[in-house]
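Sequence positions in the sequence shown follow our numbering and run 2 to 223. For glycine and all other residues, C-beta sits at the position ideal for the given N, C-alpha and C. None of the values given here were measured: they were computed from a predicted structure. Have a look at the structure below, then the notes.
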Amino acid sequence: MNSPDWHAPLLVVVADATSARHEGEWIATTVRVARAAAGSNVVVQVRVKSLPHDRQATLARAVQERIAGSVPLYLNGEISIGMDLEYDGIHLPEQATAVLAAPPPLPATVAAHSINAVRRAEAVGASAAIVSSVFEPSWKRANPLGTAALAKIVEEASIPVIALGGIGPQEVAHCLQAGASGVAVHSGIMRSKDPVRSLELYLGALKQATGNGAKTGCESGS
Numbered sequence: 002m003n004s005p006d007w008h009a010p011l012l013v014v015v016a017d018a019t020s021a022r023h024e025g026e027w028i029a030t031t032v033r034v035a036r037a038a039a040g041s042n043v044v045v046q047v048r049v050k051s052l053p054h055d056r057q058a059t060l061a062r063a064v065q066e067r068i069a070g071s072v073p074l075y076l077n078g079e080i081s082i083g084m085d086l087e088y089d090g091i092h093l094p095e096q097a098t099a100v101l102a103a104p105p106p107l108p109a110t111v112a113a114h115s116i117n118a119v120r121r122a123e124a125v126g127a128s129a130a131i132v133s134s135v136f137e138p139s140w141k142r143a144n145p146l147g148t149a150a151l152a153k154i155v156e157e158a159s160i161p162v163i164a165l166g167g168i169g170p171q172e173v174a175h176c177l178q179a180g181a182s183g184v185a186v187h188s189g190i191m192r193s194k195d196p197v198r199s200l201e202l203y204l205g206a207l208k209q210a211t212g213n214g215a216k217t218g219c220e221s222g223s
């Protein structure tokens, strides 16, 4: 669903339920990050898609109940669960664009690795495309697109493009200069020894890159 009232986030935190040592740790970290991001232009993507249906629903509900509206939540999992729990949006894999019979029922970001994939996301009514990997991720091998290719994709896209892959705070400005509307981050925050401090660094980099005084929502003492 591509609503005219929808605005792309500056930062998407990808909270992958399989990245922590156990589910309780993942829930706690996700909640801490979400609460620290309150008041900023941040979306938390609850990534549970590799889990069985019941576990997806249980974990998605657990995070939602504890966050209590601090930031928008997008479910990277079964669409029906996102709808049942009234999540703010959903995230879809690139291949989903080939099988969707109708536009997504909620605001949707869609994974994309090329301009053709972005065009397919546009055709099904996606709100934004999350394009990867712009740089090489620290946790897997990938052939990075680079910022020149990112800029070309942005130029040809008709929906916002959010950059993902190997993006540290120092790469944020390069992505925005290439035209990305924001960045998505997984390991740089969720696998950090101090996730809230890492969140602050990303938000600080975004504030500096945009020059718009964007609120971090997690200043010291808050």
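- Relative to THR98, the option among GLY90, ALA109 and ALA58 whose CA is nearest is ALA109.
- Pairing MET84 with PRO53 gives a Cβ-Cβ distance that is not under 8 Å.
- By the Cβ-count criterion, GLN171 is exposed, with fewer than 16 other Cβ atoms from all chains shown falling within 10 Å of its own Cβ.
- THR31 counts as buried, since at least 16 other C-beta atoms from the protein chains shown sit within 10 angstroms of its C-beta.
- Under the 10 Å beta carbon count, PRO73 is surrounded by 16 or more other beta carbons and is classified as buried.
- Taking each of ASN42, ARG33, GLU24 and GLU156 in turn and checking the Cα distance to LEU11, the smallest one comes out for ASN42.
- As DSSP reads the structure, THR110 sits in a beta bridge with HIS92 and ALA129.
- ASP17 is the residue among ALA158, ASP17 and ALA181 whose C-alpha sits nearest the C-alpha of ILE28.
- Taking a cut-off of 8 Å on C-beta distances, the segment 153 to 165 does not touch the segment 192 to 206, as fewer than three cross pairs fall below it.
- For the pair THR211 and LEU177, the CB atoms are nearer than the 8 Å cut-off.
- Under the 10 Å beta carbon count, GLU201 is surrounded by 16 or more other beta carbons and is classified as buried.
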